[in-house]
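Protein chains: 2
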Amino acid sequence: MLTVCVAPGGKPLIEEAVRAGGGQVVGDPHGAEALVWTDSRPDGVREYLTPSVRWVQLPSAGIERWTREGLVDSSRLWTSAAGAYGPQVAEHALALLLAGVHGLHRAARRRTWQRDRHGEQRGERQGDRQGGVRGGLRGATVAVVGAGGIGRALIPALRALGADVVAVNRSGTPVEGASETVRFDGLAGVWPRADHVVLAAPATPETYRMVGREQLRAMPRHAWLVNVARGELVDTGALLDALRAGEIGGAALDVTDPEPLPDGHGLWDEPNVLITPHDANPEALFTRGLAERVRENVARYVRGEPLLGRIDPARGY
Amino acid sequence: MLTVCVAPGGKPLIEEAVRAGGGQVVGDPHGAEALVWTDSRPDGVREYLTPSVRWVQLPSAGIERWTREGLVDSSRLWTSAAGAYGPQVAEHALALLLAGVHGLHRAARRRTWQRDRHGEQRGERQGDRQGGVRGGLRGATVAVVGAGGIGRALIPALRALGADVVAVNRSGTPVEGASETVRFDGLAGVWPRADHVVLAAPATPETYRMVGREQLRAMPRHAWLVNVARGELVDTGALLDALRAGEIGGAALDVTDPEPLPDGHGLWDEPNVLITPHDANPEALFTRGLAERVRENVARYVRGEPLLGRIDPARGY
Numbered sequence: 001m002l003t004v005c006v007a008p009g010g011k012p013l014i015e016e017a018v019r020a021g022g023g024q025v026v027g028d029p030h031g032a033e034a035l036v037w038t039d040s041r042p043d044g045v046r047e048y049l050t051p052s053v054r055w056v057q058l059p060s061a062g063i064e065r066w067t068r069e070g071l072v073d074s075s076r077l078w079t080s081a082a083g084a085y086g087p088q089v090a091e092h093a094l095a096l097l098l099a100g101v102h103g104l105h106r107a108a109r110r111r112t113w114q115r116d117r118h119g120e121q122r123g124e125r126q127g128d129r130q131g132g133v134r135g136g137l138r139g140a141t142v143a144v145v146g147a148g149g150i151g152r153a154l155i156p157a158l159r160a161l162g163a164d165v166v167a168v169n170r171s172g173t174p175v176e177g178a179s180e181t182v183r184f185d186g187l188a189g190v191w192p193r194a195d196h197v198v199l200a201a202p203a204t205p206e207t208y209r210m211v212g213r214e215q216l217r218a219m220p221r222h223a224w225l226v227n228v229a230r231g232e233l234v235d236t237g238a239l240l241d242a243l244r245a246g247e248i249g250g251a252a253l254d255v256t257d258p259e260p261l262p263d264g265h266g267l268w269d270e271p272n273v274l275i276t277p278h279d280a281n282p283e284a285l286f287t288r289g290l291a292e293r294v295r296e297n298v299a300r301y302v303r304g305e306p307l308l309g310r311i312d313p314a315r316g317y
Numbered sequence: 001m002l003t004v005c006v007a008p009g010g011k012p013l014i015e016e017a018v019r020a021g022g023g024q025v026v027g028d029p030h031g032a033e034a035l036v037w038t039d040s041r042p043d044g045v046r047e048y049l050t051p052s053v054r055w056v057q058l059p060s061a062g063i064e065r066w067t068r069e070g071l072v073d074s075s076r077l078w079t080s081a082a083g084a085y086g087p088q089v090a091e092h093a094l095a096l097l098l099a100g101v102h103g104l105h106r107a108a109r110r111r112t113w114q115r116d117r118h119g120e121q122r123g124e125r126q127g128d129r130q131g132g133v134r135g136g137l138r139g140a141t142v143a144v145v146g147a148g149g150i151g152r153a154l155i156p157a158l159r160a161l162g163a164d165v166v167a168v169n170r171s172g173t174p175v176e177g178a179s180e181t182v183r184f185d186g187l188a189g190v191w192p193r194a195d196h197v198v199l200a201a202p203a204t205p206e207t208y209r210m211v212g213r214e215q216l217r218a219m220p221r222h223a224w225l226v227n228v229a230r231g232e233l234v235d236t237g238a239l240l241d242a243l244r245a246g247e248i249g250g251a252a253l254d255v256t257d258p259e260p261l262p263d264g265h266g267l268w269d270e271p272n273v274l275i276t277p278h279d280a281n282p283e284a285l286f287t288r289g290l291a292e293r294v295r296e297n298v299a300r301y302v303r304g305e306p307l308l309g310r311i312d313p314a315r316g317y
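As you go down the protein sequences, you meet chains A and B in turn. Those letters in the first sequence? Residues 1 to 317, per the UniProt record's numbering, in order. Those letters in the second sequence? Residues 1 to 317, per the UniProt record's numbering, in order.
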């Protein structure tokens with residue numbers, strides 16, 4: 001029987017998932033064949049990486065903290081939780097995008113029926129320029145950068161609202177539901193024709209600050225930038241400049257760089273910024289999503305089938 | 001040829017639509033066979049209702065201002081714009097619902113990464129109570145009251161997010177995409193099991209204050225109430241009491257009663273209220289939606305086919 005150590009600390013829901021998948025929960029990593037790590041930080045994980053551990057299941061979709069510390073190597077099998085939280089993070093991304101496009105961030109700050117003259121006039125002017133895209137995603141082109149679990153869950157919802165989706169991934173392999181799939185290296189052609197951009201790509205050296213001054217300038221002035229991936233994908237200084245100069249419509253961010261975003265940071269003052277403090281995947285849903293993934297992967301491991309979220313140490317995700 | 005008077009005032013896009021539908025635009029209502037009224041208010045319409053006018057196309061989906069003044073009778077054919085703005089209002093409704101459920105109204109008001117202790121604790125507690133529905137529509141039951149153009153456009157988007165939809169309409173005729181359709185007179189059974197409620201029903205004597213103290217008490221404590229229909233569907237005083245008592249999760253309102261909502265009204269102070277000032281259907285999209293409808297209905301009239309949005313004077317919509 002597959003012996004699985006769940007650490008650090010006890011997580012009844014996760015241990016239950018191990019058993020439901022056909023594994024046996026053991027307390028000691030020495031002798032355990034698998035390790036399920038339940039903390040989003042890798043602190044203290046080394047003492048659990050005993051010679052007997054052949055497979056490590058990580059709790060996050062993004063694993064840059066593990067790769068940065070050189071933990072992920074090919075001496076054992078590593079799996080991330082990529083895709084496990086896709087639907088819920090996708091929903092948060094859609095909530096952020098719709099809020100921006102429909103001006104709900106401004107509405108939430110008003111305490112009067114009268115529209116705020118400054119903010120709204122700016123909104124109206126942008127609306128005129130773009131020929132009616134203001135007010136809706138219907139007929140708009142949305143670029144979804146990264147076509148993993150989040151992207152795949154987001155695309156059908158965007159389509160149901162009448163938006164056209166340009167998916168961007170590493171391979172260029174067509175993504176279901178997207179009217180077009182573009183390879184990462186073709187991104188330069190995407191910025192100018194995307195009404196809005198959603199970042200859902202892993203944090204890798206390749207995606208580090210992939211949205212900077214040049215990319216922001218290339219976007220339409222009404223474009224909303226949504227980031228539910230990692231703060232490091234965006235050059236925060238360039239974003240702030242672009243917002244101040246009115247080069248884009250706004251930014252809705254669940255992640256920032258630095259994170260947490262310090263009090264007094266300029267982004268807090270921008271009228272067309274909406275920030276949620278990395279809560280696209282709140283704790284309750286996080287555990288539920290991880291438990292589902294653990295059950296599935298334990299069952300696959302027991303049956304000798306390929307695991308979900310297998311990490312390629314060379315690519316770093 | 002069908003002669004159509006477009007009033008009050010010139011609306012080039014609408015006149016173009018009349019011609020595209022096969023009609024002829026005339027300036028004088030005397031002798032015109034049809035009248036397209038482009039103002040959301042009926043003020044001054046009487047002088048255009050000449051004996052020659054057999055058909056009147058109104059610009060709104062809701063026509064209670066016309067019925068209240070006794071304008072809509074069976075001496076001629078009346079059509080509303082019901083359904084013409086459905087997709088865009090549905091998108092606004094979804095934006096409001098997602099914003100509420102994901103706490104974006106609170107996020108928009110924060111200027112620090114730290115969660116506001118009072119509001120968030122309340123949110124967390126609600127989340128615990130409902131077993132994880134907080135954080136998402138996935139797996140939640142959403143009641144869509146009124147299955148006209150807005151409801152029909154909203155349902156596929158809710159489904160794409162993994163929500164279960166209970167549609168409520170007058171007839172009980174099954175609505176596509178809803179897992180269940182309930183007749184208006186069965187609403188009492190819907191409130192307790194709907195995680196969230198979207199009001200998209202016409203304003204009629206039957207729907208007047210359909211959501212009052214009793215209905216709000218019957219809803220789950222995490223429920224968000226979204227109203228994109230007419231303010232009069234909700235008893236505002238009862239809503240404010242329910243919010244203050246924590247009987248529901250929150251309210252996202254594009255319409256209010258009274259409207260405009262006066263400065264200093266208690267709803268402005270409630271942490272779990274999000275108000276947009278009747279802008280689900282902004283001017284630019286309004287004209288575009290009306291033009292599409294006018295072209296279609298003129299073409300249908302010319303061909304002798306049934307018109308879209310035909311009003312039954314007895315029912316009042």
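Glycine residues also receive a C-beta, built at the ideal position from the N, C-alpha and C atoms.
inquiry  = Quick check: the Cα distance between Cys5/A and Asp164/B, rounded to an integer number of angstroms?
reply    = If you take the alpha carbons of Cys5/A and Asp164/B, they lie about 37 Å apart.
message = Across the stretch 270-280 of chain A and the stretch 292-307 of chain A, are there enough close Cβ pairs to call them in contact, namely three or more that are closer than 8 Å?
response = The stretch 270-280 of chain A vs the stretch 292-307 of chain A: no contact.
Can you look up Asn272/A in the DSSP assignment and give me helix, strand or coil? Here Asn272/A sits in coil by DSSP.
Distance, Cα to Cα, Leu49/B vs Glu305/B?
When rounded, the separation of the alpha-carbon atoms in Leu49/B and Glu305/B is 23 Å.
Strictly by DSSP, which residues pair up with Gly250/B? Answer is Trp224/B, bridged to Gly250/B.
| query | Which residues, in chain order, does the stretch 182-209 of chain B contribute to contact with chain A at a C-beta distance below 8 Å? | reply | Residues: none.
Chain B within 8 Å of Arg125/A, Cβ atoms only: With a pLDDT of 37 at Arg125/A, under the threshold of 50, the modelled position of this residue cannot be trusted; read the value that follows with caution. Cβ-Cβ to chain B under 8 Å: no for Arg125/A.
* Quick one: which chain D residues come within Cβ less than 8 Å of Trp224/B? -> In the displayed structure, chain D is absent; the protein chains listed are A and B.
*Among the residues of its own chain, which have a CB less than 6 Å from the CB of Glu64/B, if the five just before and after it don't count?*
These residues qualify, in order along the chain: Ala203.
Other residues of its chain near Ser60/A: CB distance less than 7 Å, five sequence neighbours each side excluded | Excluding five sequence positions before and after Ser60/A, the CB atoms of its chain that fall closer than 7 Å to its own CB belong to Ser40, Ser80 and Ala81, given in chain order.
For Asp263/B, would you say it is in contact with chain A, using Cβ-to-Cβ distances shorter than 8 Å as the test?
Judged by the 8 Å Cβ criterion, Asp263/B is in contact with chain A.
Quick test of your reading: Ala167/A and Ile155/A, contact by CB under 8 Å. State the CB separation rounded to the nearest angstrom.
About 7 Å separates the Cβ atoms of Ala167/A and Ile155/A, confirming a contact at the 8 Å cut-off.
**Item:** Close beta carbons around Thr207/B, own chain, < 7 Å, minus the five adjacent residues each side
**Value:** For Thr207/B, the CB contacts under 7 Å within the same chain, skipping 5 residues up- and downstream, are Ala201 and Leu233 in chain order.
* Asked: At a Cβ cut of 8 Å, what residues of the stretch 135-162 of chain A count as close to chain B, listed as they run along the chain?
  -> Those residues of the stretch 135-162 of chain A placed with their C-beta closer than 8 Å to a C-beta in chain B are Gly135, Gly136, Leu137, Arg138, Pro156, Ala157, Arg159, Ala160, Leu161 and Gly162, ordered along the chain.
> Taking three-plus beta-carbon pairs below 8 Å as touching, is the stretch 89-105 of chain A in contact with the stretch 70-80 of chain A?
Replying inline: With the cut-off at 8 Å, the stretch 89-105 of chain A and the stretch 70-80 of chain A do not touch.
Open item on the list: Using the Cβ count rule (16 or more neighbours within 10 Å means buried), how would you classify Ala194/A?
Closed with: With 16 or more other Cβ atoms within 10 Å, it is buried.
* Asked: Whole beta strand (DSSP E) runs in the stretch 135-166 of chain B with 3 or more residues, listed along the chain?
  -> Fully enclosed beta strand (DSSP E) runs of 3 or longer: 141-145.
If you draw a straight line from the C-alpha of Leu274/B to the C-alpha of Val226/B, how long is it?
-> Taking the straight line from one Cα to the other gives about 9 Å.
* Rounded to a whole number of angstroms, what is the C-alpha to C-alpha distance between Val45/B and Gly309/B? -> In this structure, the straight-line span from the alpha carbon of Val45/B to that of Gly309/B is close to 19 Å.
For chain B, find out if any of its Cβ atoms is closer than 8 Å to the Cβ of Arg109/A; answer yes or no. Chain B, which has a Cβ nearer than 8 Å to the Cβ of Arg109/A, makes this yes.
Can you find a CB in chain A that lies within less than 8 Å of the CB of Thr236/B? For Thr236/B, the answer is no, since every Cβ of chain A falls outside 8 Å of its Cβ.
inquiry  = I'd like to know if His105/B contacts chain A, where contact means its C-beta is closer than 8 Å to some C-beta of that chain.
reply    = When Cβ-Cβ separations below 8 Å define contact, His105/B makes contact with chain A.
With distances taken Cα to Cα, identify the nearest neighbour of Thr256/B among Gly237/B, Arg19/B and Pro220/B.
-> The option with the nearest alpha carbon to Thr256/B is Gly237/B.
**Request:** Grab the span of the alpha helix (DSSP H) containing His105/B for me, first residue to last.
**Result:** Looking at the DSSP string, the run of the alpha helix (DSSP H) that includes His105/B is Leu104 to Arg109.
Chain A residues whose Cβ lies nearer than 9 Å to that of His30/B: Going along chain A, no residue has its Cβ under 9 Å from His30/B, so there is no contact; the nearest lies around 35 Å.
request  = Report the residue from Pro260/B, Leu58/B and Ala7/B whose alpha carbon sits nearest the alpha carbon of Leu290/B.
outcome  = For the options Pro260/B, Leu58/B and Ala7/B, the alpha carbon positioned closest to that of Leu290/B is the one of Leu58/B.
Using a 10 Å radius around the Cβ and a threshold of 16 neighbouring Cβ atoms, would you call Met1/B buried or exposed? Classification for Met1/B: exposed.
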